[in-house]
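In what follows, a structure is listed as structure tokens, so that the remarks can point back to it.
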Amino acid sequence: MKIEPENFLNKIFDVESKRILNDIKDYTPLKPVIEGFNEEQNVAALSYIVDVFKECFEVGDLKVHIEVESSKLKAYAMYFIFHQTKTIYLHFLWVNSEFRKKGLGKSIVSKFKTMSLIRAFYATLLKLVIMKVVVLGLCLKQIPR
Numbered sequence: 001m002k003i004e005p006e007n008f009l010n011k012i013f014d015v016e017s018k019r020i021l022n023d024i025k026d027y028t029p030l031k032p033v034i035e036g037f038n039e040e041q042n043v044a045a046l047s048y049i050v051d052v053f054k055e056c057f058e059v060g061d062l063k064v065h066i067e068v069e070s071s072k073l074k075a076y077a078m079y080f081i082f083h084q085t086k087t088i089y090l091h092f093l094w095v096n097s098e099f100r101k102k103g104l105g106k107s108i109v110s111k112f113k114t115m116s117l118i119r120a121f122y123a124t125l126l127k128l129v130i131m132k133v134v135v136l137g138l139c140l141k142q143i144p145r
């Protein structure tokens, strides 16, 4: 059976939802509220976070880079793409302890930086093309017919 990296998405979203809920509890004024959750409320909060991840993933605003070897999750990186500001936000990078100190995290960050530079380049190029079309359009309006 071939293991597809996408098979790990649900597991990654589950782990990340727990991490985010803990971060909210530990670093925001909502700590007493979250600590007061019963089991049902806790499950509902985690489910809501997972649903947000899935929706963002489905529409393309969340990307997940997954490294797998022999059905074992080696590493993953989650990043959000903000199209309006042409920004990429690296949300989280995780490397399995067995694969640490082998350059895997550095390799993922390198790919991420390359992708960010390519997006920035094309965003700048697109702006230049749009500016040229606008300037050309203004120039063409000036030519008598």
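For reference, each letter of the sequence shown is one residue, going 1 to 145 in the UniProt record's numbering.
Think of the CB as a built atom: it goes at the ideal place given N, C-alpha and C, for glycine as much as any other residue.
Only a predicted model underlies this, so the values are computations on that prediction, with no experimental measurement involved.
| query | result |
| --- | --- |
| Return the chain-ordered list of same chain residues with a C-beta closer than 7 Å to the C-beta of Ala45, the five sequence neighbours on each side being excluded. | Leu21 and Phe37 |
| Going by C-alpha distance, which of Thr87, Glu55 and Phe92 is nearest His65? | Phe92 |
| If the criterion is Cβ atoms closer than 7 Å, does the pair Lys31 and Lys25 meet it? | yes |
| Using 10 angstroms around the beta-carbon of Phe82, count the other beta-carbons present and answer buried if the total reaches 16, otherwise exposed. | exposed |
| For Tyr76, write down the residues that DSSP places opposite it in a beta bridge. | Ile66 and Trp94 |
| Buried or exposed for Glu16, going by 16 or more other Cβ atoms inside 10 Å? | buried |
| So, is Tyr76 buried or exposed, given that buried needs 16 or more other C-beta atoms within 10 angstroms? | buried |
| Please determine, among Asp23, Pro29, Glu40 and Asp51, the residue with the shortest C-alpha to C-alpha distance to Phe13. | Asp51 |
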